[in-house]
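For the record, the sequence lines run as chains F and V. What the first sequence shows, in the numbering used here, is residues 126 to 741, in sequence order. What the second sequence shows, in the numbering used here, is residues 767 to 932, in sequence order.
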Amino acid sequence: MADKQQKLLMGNEAMGRGLVEAGCTLVSAYPGTPSSEILGSVVANIGDAAEPLHVEWSVNEKVAFEVALANSYTGKRSAVIMKQVGLNVAADPFTRSTYLGVKGGFVLIVADDPGPHSSQTEQDTRLFALFAKAPVFDPSSPAEAREMITAAFELSEQYEIPVILRPTTRICHSRQNITLGKPLHLQRQAAFEKNPGRWVATPAFLTGLHSELNDKLAAISTEERLKPFPVSKSSPEKEGRVPCIIASGMAFANVFDLLDELDMLNQVQLYQVKMPFPLNREFCRQIRERDEKVLILEETDTVIEMQLGLREARGRLSGHVPGQGELTPDIIHTLLLDFLDLPRPETVESGPPARGRRPSLCPGCPHRASFFAIKRTFPKGIFPSDIGCYTLGMNLGAVDTCHCMGACISMGAGFYHAYAQDGPDYPTIVVTIGDSTFFHAGIPALVNAVTQKARIIVTILDNSTTAMTGQQPTPQSGVLADGSPGNQAFIPDLVKASGVRFLRECDPYDIKGFSALLKEADQFCRGDQGGVAVLIAKHPCLMDKSNQLKQDVIEMEISDDCIGCGICVNQFECPAISLDEEEEQASIDPDLCVGCGICDQVCPTGSIVRKGGSQS
Amino acid sequence: MKQQIIVSGMGGQGILFLTRIIAGAGVSMGLEIMTSETHGMAQRGGSVISFVKAGPFRSPLVRQGQGDIGLFLHADNLDVHQGLLRSGADLFVNTSKTGSYKNISATELARKMGSNVLTNLIMLGFATKYNSLFCGQEQLETAIREISRERFIDSNLAAFRRGLEG
Ligand code: SF4
Ligand code: SF4
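Here you go:
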C-alpha cells in the first residue's frame, strides 16, 4: 500500500504546498498560465500552516513583488508568483532587489512556457536571472520543484539574496505522487532594521552593493551542494571518454527517459543542472577539460551553454539543437540518435499532424455578444485588444492587435494619432480590455490617452472575474484570495477619475442596445469636445456555473428558413451552432447551448428563433 | 510495469477529471504515477490531451508512437493525436462509426443517463471492460468515490458501470 501521506499533486499544487511547508508568511501573485494554481494551493494548505500567512492576488506582478519584498525586509519568509511575462512587469523592483538584497528568505516563482502554450513570448527566465544576477533553480519534476523551494529559502537567507524557482509548463501541469511534509514553525516577529545606505541606496551606494552582489554570486557558484552531479552510472575509468550530456529542467527528465528506453544510460555521462545560474565554477572547469563530445539540452534559451563557453559543444547556440521551442521527447529523441551515432528509425513522412480544433469563446459568453456588436457597428474599425479569454474575439474579426497586458488602450491612442494626422475621417478605433487587465495595466494607459487627446472608444469587458486563468477575483469583486471579504475598487470611479467625460454601462446581451451606445460613443469621439469614450460591457462570466443558473434560459432553434449562409458559424462562432454544408442547414447542439438567446440577432434571414415563437 | 495512456478530447469534456481518476487508481496501487495536462487557452473548447504514465518514468510526456492505450472522447481528434500511439495499441473511441478501434456512442448513452458530461466515465468503463488499463474496476471505482464531488458520486459510478457493459 502507498504511504498514507502520499498525494497525487499537480506541480503547481506541490509548489503551493512547499511554500506553506517552508514557513512562508506572505505569498502574493498575479494569475497567468501556467502559474495560476500555485496561490490557490497555498490557500488550500493554509489550514496546515504553523503561523499566520497573508495571501493576495495583487493588482499586477510589480505590486505583488514589492509587497512580498517588504515582508522579507522584516525578516519573514516571503514568496511571489507569476508567469514569465509577468516578470517583465515586475522587472523594475526585481532588478534592484538583487543589489539591495533581502532579509527573510525571498523566493520568486516564475513559470516559463516553452512552446509557448499560453503566452505571448517563450522567454527564458533563467536568462533574466543572469541579467539581474539572481540565482535560479530549474526543477525537472513536481516533486523536485517542491524540494527546491526549501533549498531556495535556505540559499536566500544564507546570502541575503532573492532566489528564483523556474518551473516550466510541463512541471506546473503534471501530476506526481508526493509525500507531504510538516510546515515549519519559524516564529519570527516583524523586525525591520533601518539602514538607509542599503534600503534607500542612492547611486553613491550602488557600486558597493553591486560589488557585494558579485561576491555573493561568486560564492554561490562554488557551493558544493549546488554542483551538477552525474546521474548515469558510467564507470569512473571511462569518465571523460564517454559522450557527455548536460541537461536541466524538463529536458533532463525527457532525456533521462529516452536514454533508459535506448538502454544507453550507462554509455554516457549524464549531468543534471539544478542551478543553471550561477553555474558551478568547478563543474565548468571539469567539463572544459574533457575531450569527448558534449550535448547541452536546456529550455528555452542558452544559459548553461553560454556560461560553459565550449567551442565544440552541441546545443542551441551551436545550431545543433533548435534555437526555439519546447524540447519535446520527439525532438530530443532525434537529437540523441544523431549525437550517439545511432541510426534514425525508418519513418514515413506523414507531414505535420493536424492541428485540431481551435479554442473559442464559450457558449453564452458575453464577450461574443460584445465583439459581434462592435464588428457589426463598425465594419471598417480598428480593434486593438488585450490578453485574456477575449483575445479569442480574433475569431470574430473584432480583435486586430494583442500585445501585452494593458497595451490596447495605449495602442488605440497611437493608432488614433497616426490616422488623425492624415485627416478628419479617421477609422473608428474600438479598444477591448478585460476588467482584470484594466486594473493590471490599463489605468495609466487610460489617463495617458485622455490627457493626450486621443479619440477612441474603450470597451471594458467586465465579467467580474479573471476568467482565462481560473476565476480569480478582481479588485472590484471585494473578495480576497482566501475567500474572505475585502475592500472594493470600482471601475466606473476609476474611469471618471481618469478624466473621461463619456461613460456608459450596458449588458452586451442586448446587442441592439449595445450597438446604439457604440454609435453614440463614436459621435462623442468625433464631436467638437470629443475625447476618450468608455463603455462598460457588464455581464458575468458563465464559466462560474452559479452565474449561469441565475440567468434565464431562452431555448432557441433554427427554422427551415435557414439558407446555410454560415454567418452564424463564421461570424458569431457559438460552439453550440454548427452547419451541415451539404444540407445547407444550421442547427443548435442542445448539449452545448446554454440558452443565452443572443443568437436571435445574428441571422440575416431571421431563422434563429425562440422555440415555439418568433424572433424577439 | 510501465504503461503510457493518452486521453484526448475537446476542452470541457472532462479530460482532466478522467486523467485524475486513472492516476488516483495508480497511486492507491502504490505505483509511481505521472500525468501531464492541458490548461489555459486550449481549454476553451479546443483539442486537449492528457497523458498518464504508470511506472518508473521521469517525464510526464509521451513521444510519438509510444502510447499503449488511447481514450478518444472525440473522434475528430484521431487525426491529431493518434500518431502518439504505438502499433498494436488499444484504442477506444467515442463514436458510432466503426473502424480499426473499439467504439461506443458514449455521448448518446450519457445523454440518456441525464447529462452529456458523463461521457468521460462511460469511456473509462468501456476501456476497463477490455482489461487493458494497468488498473481494474475495483481501483477505479475507489478513485471515482474519492475524487468525485459528493453529490456526483452515484451518477459517476453509474456511468462508469454503464461503460463496463459496453
Ligand atoms: S441560421 Fe441563419 S445565419 Fe446561420 S446559416 Fe442559417 S441562414 Fe445563415
Ligand atoms: S442560445 Fe444561441 S448563442 Fe446562446 S448558447 Fe445557445 S446557440 Fe449559442
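Here a beta-carbon is modelled for each residue, glycine too, at the ideal position from N, C-alpha and C.
Can you check DSSP and say which residues form a bridge with V:HIS847?
-> Bridge partners of V:HIS847: none, in fact.
Per DSSP, the bridge partner or partners of F:SER712 = F:SER703
Please confirm whether F:LEU452 and F:ALA570 have their CB atoms less than 8 Å apart.
-> Between F:LEU452 and F:ALA570, the C-beta spacing is not below 8 Å.
If you draw a straight line from the C-alpha of F:GLY333 to the C-alpha of F:LEU134, how long is it?
-> 44 Å
Which of the three DSSP states, helix, strand or coil, is assigned to V:SER862?
-> V:SER862 carries a coil assignment under DSSP once its states are collapsed to helix, strand and coil.
Assigned exposure category for F:ARG480 - 16 Cβ within 10 Å defines buried | exposed
Is the number of C-beta pairs between the segment 826-842 of chain V and the segment 505-513 of chain F that are closer than 8 Å three or more?
-> no
Does V:GLN770 get closer than 8 Å to chain F when you measure Cβ to Cβ?
-> Contact of V:GLN770 with chain F is not assigned, every C-beta pair being separated by 8 Å or more.
Could you spell out the range, first to last residue, of the beta strand (DSSP E) harbouring F:LEU586?
-> 582-587
Who pairs with V:ASP834 in a beta bridge, going by DSSP?
-> Partner(s): none; V:ASP834 has no beta bridge.
Taking the Cβ atom as the reference point for each residue, do F:VAL168 and F:ASP653 lie within a distance shorter than 8 Å?
-> no
Verify the contact flag: V:MET776, CB atom, against every heavy atom of ligand 3, threshold strictly below 7 Å.
-> In the structure on display, ligand 3 does not appear, and the ligands it does have are ligand 1 and ligand 2.
Beta-carbon contacts of F:HIS179 that lie in its chain and below 6 Å, excluding the five residues immediately before and after = Taking F:HIS179 as the centre and dropping the five residues before and after it, the same chain places the C-beta of LEU151 closer than 6 Å to its C-beta, in chain order.
Within 7 Å: the Cβ of F:VAL727 and any heavy atom of ligand 1?
-> yes
Given that a residue counts as buried once 16 or more other Cβ atoms are within 10 Å of its Cβ, and exposed if not, what is F:TYR284?
-> Flag for F:TYR284 reads buried.
Compute the distance between the beta-carbons of F:LEU674 and F:ARG629, then report whether it is under 8 Å.
-> no
Do you know offhand how far F:LYS736's Cα is from F:PHE563's?
-> 38 Å
Compute the minimum distance between the beta carbon of F:ALA711 and the heavy atoms of ligand 1, and state whether it is under 7 Å.
-> yes
Neighbour-count burial assignment, F:GLN601, 16 or more Cβ in a 10 Å radius | buried
Could you say which of V:PHE900, V:GLY932, V:ARG915 lies nearest to V:ALA791 if we only look at CA atoms?
-> V:PHE900
Kindly indicate if chain V contains any beta-carbon less than 8 Å away from that of F:ASP632.
-> no
Any C-beta of chain C sitting closer than 8 Å to the C-beta of F:ASN379?
-> The chain inventory of the structure shown lacks chain C, comprising the protein chains F and V.
Please find out if some non-hydrogen atom of ligand 1 comes closer than 7 Å to the beta-carbon of F:CYS699.
-> no
What did DSSP end up calling F:THR590 once you bin it into helix, strand or coil?
-> coil
Apart from the five residues just before and just after F:SER787, which ones in its own chain have a Cβ nearer than 7 Å to its Cβ?
-> Outside the shown range of chain F (126 to 741) lies residue 787 of chain F, about which nothing can therefore be said.
Closest by C-alpha distance to F:ILE585, when choosing among F:PRO665, F:GLN546, F:LYS418, F:GLY548 | F:PRO665
Of all the CB atoms in chain F, is at least one closer than 8 Å to the CB of V:GLU803?
-> yes
Tell me whether F:VAL180 sits in a helix, a strand or coil according to DSSP, three-state version.
-> F:VAL180: strand per DSSP, three-state reduction.
Can the beta-carbon of F:ALA646 be found less than 8 Å from the beta-carbon of F:PHE627?
-> In contact: F:ALA646 and F:PHE627 (Cβ atoms closer than 8 Å).
How big is the Cα-Cα spacing for F:SER684 and F:SER589?
-> 35 Å
For F:ILE163, which of F:ASN185, F:ILE234, F:ILE303 has the nearest alpha-carbon?
-> Out of F:ASN185, F:ILE234, F:ILE303, F:ILE234 has the C-alpha closest to the C-alpha of F:ILE163.
Selection from F:TYR541, F:LEU462, F:VAL727 that minimises the alpha carbon distance to F:LYS637 = F:VAL727
F:MET140 (DSSP reduced to helix, strand or coil) = It is helical.
F:ALA139 CB to nearest chain V CB: under 8 Å?
-> no
DSSP state of F:GLU418 mapped onto helix, strand, coil | Glu is not the amino acid found at residue 418 of chain F; the sequence shown has Lys there. DSSP places F:LYS418 in coil when its eight states are reduced to three.
Simplified DSSP assignment, three categories, for V:GLY775 = strand
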